[in-house]
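Okay, structure first, notes after.
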Amino acid sequence: MSETGVDGFMIQGGCRMRRIRRVFCLFSILAAVMLGGTYAWADGQNEVVPGAGSVVSTSKHEFYAFEYAKDYLKQQLVRRENEITFTVRQDSRKDIGKALLEAALEVTEDTPGTQGDYLDLHIEAYKISPYQITAVYNTKRKLQYYEHTITYSIRYYTTWDQEKAMNERVSQVLDDLDLDDLDTYEKIEKIYNYVCKRVSYDYDTSGNTGKFSAYNALVKKKAVCQGYASLIYRMMRQAGVECRVIKGTSNGVAHSWNIVRIGQKYYNIDATWDAGSDPDDYKYFLKTEAEFKDHTREAQYKTASFSAAYPMATESYCFGNHEWSSEYTVDVEATCSSYGIQSIHCLRCDAVKEGSLRQIKKKSHTYGSWKVVKKATIFEEGEKQKTCKVCGAKRTSSIKKLTAKVTLNASSVRMKVGQISTGLAIKSQNSQDSVKRWSSSNSSVVSVGRKTGKLKAKKKGTAVITVTMASGAKATCKVTVSTKTIKATAISFPKKKTTMRVGETMELNLTVKPVTASDKITYVVSKNGVLSLTKDGKIKAKKTGVAYVKATTKSGLTAKCRITVKSAQKSS
11 MSETGVDGFM
21 IQGGCRMRRI
31 RRVFCLFSIL
41 AAVMLGGTYA
51 WADGQNEVVP
61 GAGSVVSTSK
71 HEFYAFEYAK
81 DYLKQQLVRR
91 ENEITFTVRQ
101 DSRKDIGKAL
111 LEAALEVTED
121 TPGTQGDYLD
131 LHIEAYKISP
141 YQITAVYNTK
151 RKLQYYEHTI
161 TYSIRYYTTW
171 DQEKAMNERV
181 SQVLDDLDLD
191 DLDTYEKIEK
201 IYNYVCKRVS
211 YDYDTSGNTG
221 KFSAYNALVK
231 KKAVCQGYAS
241 LIYRMMRQAG
251 VECRVIKGTS
261 NGVAHSWNIV
271 RIGQKYYNID
281 ATWDAGSDPD
291 DYKYFLKTEA
301 EFKDHTREAQ
311 YKTASFSAAY
321 PMATESYCFG
331 NHEWSSEYTV
341 DVEATCSSYG
351 IQSIHCLRCD
361 AVKEGSLRQI
371 KKKSHTYGSW
381 KVVKKATIFE
391 EGEKQKTCKV
401 CGAKRTSSIK
411 KLTAKVTLNA
421 SSVRMKVGQI
431 STGLAIKSQN
441 SQDSVKRWSS
451 SNSSVVSVGR
461 KTGKLKAKKK
471 GTAVITVTMA
481 SGAKATCKVT
491 VSTKTIKATA
501 ISFPKKKTTM
511 RVGETMELNL
521 TVKPVTASDK
531 ITYVVSKNGV
541 LSLTKDGKIK
551 AKKTGVAYVK
561 ATTKSGLTAK
571 CRITVKSAQK
581 SS
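Following this line, the structure appears as structure tokens:
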């Protein structure tokens, strides 16, 4: 609860048990947007430079994101700084002053005892001064971001020196309580007993605000409920016990108390009301909501989200008289990356039975489909990988090398003594492969160029020509050498019809059988100017239209190809 004082400070709600305090909840923020008709823009490094008019100056501490600004504000609050000024970049002009403060006071499972509720209860009053919002533009006058320069003025119930003394004193007390080997209940009991025995209620009405602090409760041993609750929170969390402060009313009067977690459930504790009592006579220790009917929470502690985060026990704590379940409860779900935990719980208080902890096996991974991360080649294996959709674990497997293959354009050929031929050639091979060497089984009959594959018939006989690829793949052709001239028996073009575009050239690639035939080939093209023959034996498309290229051997064998020439393709 808070009120606005005459000096503009927001006064945090402290509780004074057995004395009714006024409740106020009015808050206002003034935001001065320094834009108007003037501009501020940034250069390529996004540094603010002079614009057409005056530029709002930035603060010493500048942050690029809300989270960084929040962490800085939290740090300054812990150090009890009274004036906190900084600049934070945002995408909008929306006021973030109050939101930053609320975020700095948030409580998570990892929040230490000096932060969260402890900080919140030690802020007496605060004021967010009218702050500046500067629009920052680039050199093209395009909006880059807004700079929010915010100043907080804070009054605390304690000083930084008192908090440093508090740090030492809390650590000393917890060491003296010797909590290291105790379970959660035993830790809670020892801390609660310590506070209830040593801290008495402060009835002073002189305006001393120190009584709202945990410092007064621990060092001076006198405080009001706010001091009790913040001290309990501080000591519990430092001892590793999950604890929160609950604000509300008790019997219609503003009040603060705590909830603590044992097992998976939370219980109410109120050291203010149990202070001075014998532990056997405690009435407000580890109670359910039903047993706390004289305590009413503020609305923020009644929401569905808060109740889900801090589930309250529905049965009183057993204090050792447990009713153990016959079935195991899963405490931590197993995943595909970590083991789970299950144990036997008390049906009444949810305490865990000693020695009942049991490990749950990891779940199987939920893998996606295989993805090739390295393609296999004829020279080396590839690699494929699949990833678990839940935990991201990866499974890798090898892909077999590709099978290398090579074929020649003939399995057997004839040659005439003295003939040289380049007709024997590779018909197909793997794209990554290359010729390592050509070889002859009988070089005295037929020799072959080691790199070129050119054949030379030397004398009558037979030989086997082998091409060996870099991959190790091989193909062979039997060559028979005689004194007879090798004549073509058939010729053909790869296609009887094809297309070209104006300006293109094309190899004729005539197929001659047998490949070692020595016939002279004559080429002619239609005389309509559509095609022409080049000096290196290619045809060139000259203009659009249809033309024929014809190949003829001396013995009269012919082959013809119809070529349609289209317009040259336009460049994009």
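According to the numbering used here, the sequence shown is numbered sequentially starting from 11.
Glycine included, every Cβ here is placed at the ideal spot set by N, Cα and C.
- CB of Y349 within 8 Å of CB of K371, strictly: The residue you call residue 349 lines up with position 339 of the sequence shown. The residue you call residue 371 lines up with position 361 of the sequence shown. Contact flag set, yes.
- Which residue comes first and which comes last in the beta strand (DSSP E) that contains W267? Walking along the sequence shown from the start, residue 267 turns up at place 257. Membership of W267 in the beta strand (DSSP E) is indicated by the continuous run 263–272.
- Query: How long is the line joining the alpha carbons of F73 and S163, rounded to whole angstroms?
  - Reply: Within the sequence shown, numbered from 1, the residue matching residue 73 stands at position 63. Within the sequence shown, numbered from 1, the residue matching residue 163 stands at position 153. Looking at the backbone, the Cα of F73 and that of S163 are separated by about 19 Å.
- Can you tell me which of the three DSSP states I198 falls into? Position 188 of the sequence shown holds residue 198. Residue state, collapsed to three classes: helix.
- Message: Just list the residues that DSSP pairs G555 with in beta bridges.
- Response: For the purposes of this step, residue 555 is identified with residue 545 of the sequence shown, where counting begins at 1. DSSP output for G555 lists V575 as bridge partner(s).
- Item | Reduced DSSP category for Q86 - H, G, I as helix; E, B as strand; rest coil | Sequence index remark: in the sequence shown, residue 86 carries index 76 (1-based). The answer is helix: DSSP assigns Q86 an H, G or I state.
- Task: Rank Y533, T515, N519 by C-alpha distance to the C-alpha of K552 and give the top, closest one.
- Result: Against the sequence shown, residue 552 aligns to sequence position 542. Residue T515 is the option with its Cα nearest to K552.
- Item | Nonlocal neighbours in the same chain, by C-beta distance under 8 Å from F316, ignoring five residues either side | Looking up residue 316 in the sequence shown gives position 306. Listed in chain order, the non-local C-beta contacts of F316 below 8 Å within the same chain comprise Q310, local neighbours out to five positions each way being set aside.
- Specify the secondary structure class of F96 as computed by DSSP and reduced to three states. Residue 96 sits at position 86 when you count from the first residue of the sequence shown. In the three-state DSSP reduction, F96 falls in the strand class (E or B).
- Task: Please go through the same chain and pick out, in chain order, the residues whose beta-carbon is closer than 7 Å to the beta-carbon of R89, but skip the five residues on each side of it.
- Result: Here residue 89 is taken as the residue at index 79 of the sequence shown, counted from 1. Beyond the five residues adjoining it in sequence on each side, R89 comes within less than 7 Å, by CB distance, of W170 in the same chain, given in chain order.
- If I'm right that C328 touches C359 with Cβ under 8 Å, what's the distance once you round it to whole angstroms? If you number the sequence shown from 1, residue 328 lands on position 318. If you number the sequence shown from 1, residue 359 lands on position 349. With 8 Å as the limit, C328 and C359 qualify as a contact, their Cβ atoms being about 4 Å apart.
- Task: Quick one: grab the DSSP three-state call for K108.
- Result: Walking along the sequence shown from the start, residue 108 turns up at place 98. In the three-state DSSP reduction, K108 falls in the helix class (H, G or I).
- Complete runs of the alpha helix (DSSP H) confined to the region 138–196 [at least 4 residues]: For the region 138–196, the continuous alpha helix (DSSP H) assignments of 4+ residues that do not extend past its boundaries occur at 170–187, in sequence order.
- Can at least three beta-carbon pairs, one atom from the region 238–248 and one from the region 265–277, be found at a separation below 8 Å? Contact holds: three or more Cβ-Cβ distances are below 8 Å.
- Item | In chain order, each beta strand (DSSP E) run of at least 3 residues that lies wholly inside the region 236–316 | As far as the region 236–316 is concerned, its whole beta strand (DSSP E) runs of at least 3 residues are 253–260, 263–272, 275–279, 295–297, 305–307.
- Report the three-state DSSP secondary structure of A459 (helix, strand or coil). Counted from its first residue, the sequence shown places residue 459 at position 449. It is Gly, not Ala, that sits at residue 459 in the sequence shown. In the structure shown, G459 sits in coil (DSSP, three-state: anything other than H, G, I, E or B).
- Query: Which value, in whole angstroms, describes the spacing of the CA atoms of V117 and Y202?
  - Reply: For this step, residue 117 is matched to residue 107 along the sequence shown. For this step, residue 202 is matched to residue 192 along the sequence shown. Straight across, the Cα-Cα distance linking V117 with Y202 is about 21 Å.
- Message: Between which two residues does the alpha helix (DSSP H) holding Y128 run?
- Response: Indexing the sequence shown from 1 puts residue 128 at position 118. Where Y128 is concerned, the enclosing alpha helix (DSSP H) stretches over 127–131.
- Message: If I follow the unbroken beta strand (DSSP E) through W448, where does it start and stop?
- Response: Counted from its first residue, the sequence shown places residue 448 at position 438. That run of the beta strand (DSSP E) goes 445–450.
- Task: Provide the residue(s) that pair with Q369 in DSSP beta bridges, ordered along the chain.
- Result: Indexing the sequence shown from 1 puts residue 369 at position 359. I351.
- Query: Exposed or buried, V383, counting other C-beta atoms within 10 Å across all chains shown (16 or more means buried)?
  - Reply: The residue given as residue 383 occupies position 373 in the sequence shown. Result: exposed.
- Item | Length of the line joining the Cα atoms of K415 and R460 | The count along the sequence shown starts at 1 and reaches residue 415 at position 405. The count along the sequence shown starts at 1 and reaches residue 460 at position 450. Between K415 and R460, the C-alpha separation is close to 19 Å.
- Message: Let's test the definition: count the other Cβ atoms within 10 Å of the Cβ of L153 and tell me whether it reaches 16, buried, or not, exposed.
- Response: Numbered from 1 along the sequence shown, position 143 holds the residue referred to as residue 153. Burial call: exposed.
- Rounded to a whole number of angstroms, what is the C-alpha to C-alpha distance between P140 and N226? Along the sequence shown, one-based indexing puts residue 140 at 130. Along the sequence shown, one-based indexing puts residue 226 at 216. The straight-line gap from Cα to Cα measures roughly 34 Å.
- Do the CB positions of T282 and T298 come within less than 8 Å of each other? Position 272 of the sequence shown holds residue 282. Position 288 of the sequence shown holds residue 298. Not a contact, by the Cβ cut-off of 8 Å.
- Message: Can you tell me which residues form a DSSP beta bridge with V342?
- Response: As a first step, residue 342 must be located in the sequence shown, where it is residue number 332. According to DSSP, which records beta bridges pairwise, V342 is partnered with I351.
- Query: What first and last residue would you give for the beta strand (DSSP E) that runs through E390?
  - Reply: In the sequence shown, the residue the question calls residue 390 occupies position 380. Per DSSP, E390 belongs to no beta strand (DSSP E) and is neither H nor E.
- Query: When you compare only the Cα positions, how much space is there between K150 and A79?
  - Reply: Along the sequence shown, read from residue 1 onward, the residue named residue 150 stands at position 140. Along the sequence shown, read from residue 1 onward, the residue named residue 79 stands at position 69. Rounded to the nearest whole angstrom, the C-alpha separation of K150 and A79 is 29 Å.
- Query: Which residues share a DSSP beta bridge with S408?
  - Reply: By one-based count along the sequence shown, residue 408 stands at place 398. For S408, DSSP records a beta bridge to E393.
- Excluding five sequence neighbours on each side, which residues of the same chain lie with their C-beta closer than 7 Å to the C-beta of D130? Counted from its first residue, the sequence shown places residue 130 at position 120. Residues L115 of the same chain have their beta carbon placed closer than 7 Å to that of D130, with the five preceding and five following residues left out of the count.
- Message: Taking a contact to mean a Cβ-Cβ separation below 8 Å, would you say K494 touches K426 in this structure?
- Response: Counted from its first residue, the sequence shown places residue 494 at position 484. Counted from its first residue, the sequence shown places residue 426 at position 416. With a cutoff of 8 Å on beta-carbon distance, K494 and K426 are scored as near each other.
- Task: To the nearest angstrom, report how far apart E517 and C571 are at their CA atoms.
- Result: Along the sequence shown, one-based indexing puts residue 517 at 507. Along the sequence shown, one-based indexing puts residue 571 at 561. Distance between E517 and C571, taken at the CA atoms: about 12 Å.
- Query: For the region 531–539 against the region 555–570, are there 3 or more C-beta pairs whose distance is under 8 Å?
  - Reply: Below 8 Å, enough C-beta pairs join the region 531–539 and the region 555–570 to call them touching: three or more.
- Message: Using a Cβ distance threshold of 8 Å, determine whether the region 476–488 contacts the region 405–419, with at least three qualifying pairs required.
- Response: Taking 8 Å as the limit for Cβ pairs, the verdict is that the region 405–419 does touch the region 476–488.
- Item | DSSP-derived helix/strand/coil call for R103 | Reading the sequence shown from its first residue, position 93 is the one you call residue 103. R103: coil per DSSP, three-state reduction.
- Item | Collapsed DSSP secondary structure at L228 in the structure displayed | The residue labelled residue 228 in the question sits at position 218 within the sequence shown. Here DSSP, grouped into helix, strand and coil, assigns L228 to helix.
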